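Q: Shown below is the structure under consideration.
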Amino acid sequence: MSTRNSDTENAVKACPDLRVEHDRGVCTISLARPAKKNAFTNAMYASLADTLESLNGSDCKCVLIRADGDAFSAGNDLNDFLSLERFEDAPVVRMLAALADTDVPIVAAVGGAAVGIGTTILLHCDLVFASPEARFATPFVPLGLVPEAASSRLLPEALGYRRAMAMFLLGEFLAAEQALAAGLVSHMSTRDTLEADALAAADKISLLPANAVRATRRLCRMAPASIPDTIAREIEVFAERLQAPDTRQAIESVLKARSAKH
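Numbering-wise (my numbering), the sequence shown opens with residue 22 and increments by one.
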């Protein structure tokens, strides 16, 4: 693949366990530590934060997160956690801020176990493709910890309070089919087609009007508001988009295609 920007290239050089590639508007981020089931190290968090921060304002249209090996991610590397002197300054904190702030849509391909941050990072993805082998768990409390990545709000919203608490408190796994039924996963694929399906979706998103995609993502991730206030938000952004050249071009293309059919 090609066309890496300098910020992302530096991030890749800094951490071989996180591979970043750009192609045709899609930024593919690979968790590349399969021998450790892609458990996140401080270096991986720092590299991922660098990458996400470099994407806002770039020509990247969509992010695809995938993993080498049989596991998506075993979560945090616990040895790295124990080595931290001050968690507030840890690379994971900067990564979570970058993840929350980015307006680039994110697609994930999950083909194995996703534990801890391996699951909570998916709550920030717009589409999640999973194979039948995927399993999801957030066993924070058995480790004496608490949920992170806004999962204390997002996981109960996605699964319901009691299902989420069973995952938080008891460390229960959620199977792929259960995750699909609950809405944590958006699409099921076979193991053989998982990455191709996820990449096809990322490619499709990359061809959409980029400003409309990013504006839609921002609207969907805003703080809850009353129905009238939400309508007002949408009207404001809708009016801006209606006057935008790329919107007019997209509408004209649709009208032209319709005309050609008749």
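Note that the Cβ used here is the ideal one computed from N, Cα and C, for glycine as well.
Being a predicted model, the structure only gives us computed values, none of them experimental.
According to DSSP, Thr49 sits in a beta bridge with which residue or residues?
A: Paired residue(s): Glu42, Leu85.
Q: If you reduce the DSSP assignment to three classes, tell me which class Asn97 lands in.
A: Reduced to three states, the DSSP call for Asn97 is strand.
Q: Among the residues of its own chain, which have a CB less than 6 Å from the CB of Pro177, if the five just before and after it don't count?
A: Contacts found: Ala185.
Q: According to DSSP, is Leu195 helix, strand or coil?
A: Note: Leu195 maps to strand in three-state DSSP.
Q: Would you say the segment 101-113 touches the segment 66-75, given that touching needs at least three Cβ pairs under 8 Å?
A: With the cut-off at 8 Å, the segment 101-113 and the segment 66-75 touch.
Q: State the beta-bridge partners of Phe157 as determined by DSSP.
A: Looking at the DSSP assignment, Phe157 forms a beta bridge with Ala135, Leu195.
Q: Rounded to the nearest angstrom, what separates Thr251 and Leu228 at their Cα positions?
A: C-alpha separation (whole angstroms): 27 Å.
Q: What residue range is occupied by the uninterrupted beta strand (DSSP E) comprising Leu148?
A: Taken as a continuous stretch (DSSP letters only), the beta strand (DSSP E) holding Leu148 covers 148-151.
Q: Using CA atoms only, rank isn't needed, just tell me which of Cys83, Leu120, Leu190 is closest to Pro230.
A: Comparing Cα-Cα distances from Pro230 to each of Cys83, Leu120, Leu190, the minimum goes to Cys83.
Q: Going by beta carbon distance, what residues of the same chain come within less than 7 Å of Asp28, once the five residues before and after it are set aside?
A: With a pLDDT of only 46 at Asp28, under the threshold of 50, the placement of this residue in the model should not be trusted, and no figure is reported.
Q: Using the rule of at least 16 other Cβ atoms within 10 Å of the residue's Cβ for burial, across every protein chain shown, is Asp98 buried or exposed?
A: Answer is buried; the Cβ neighbour count reaches 16.
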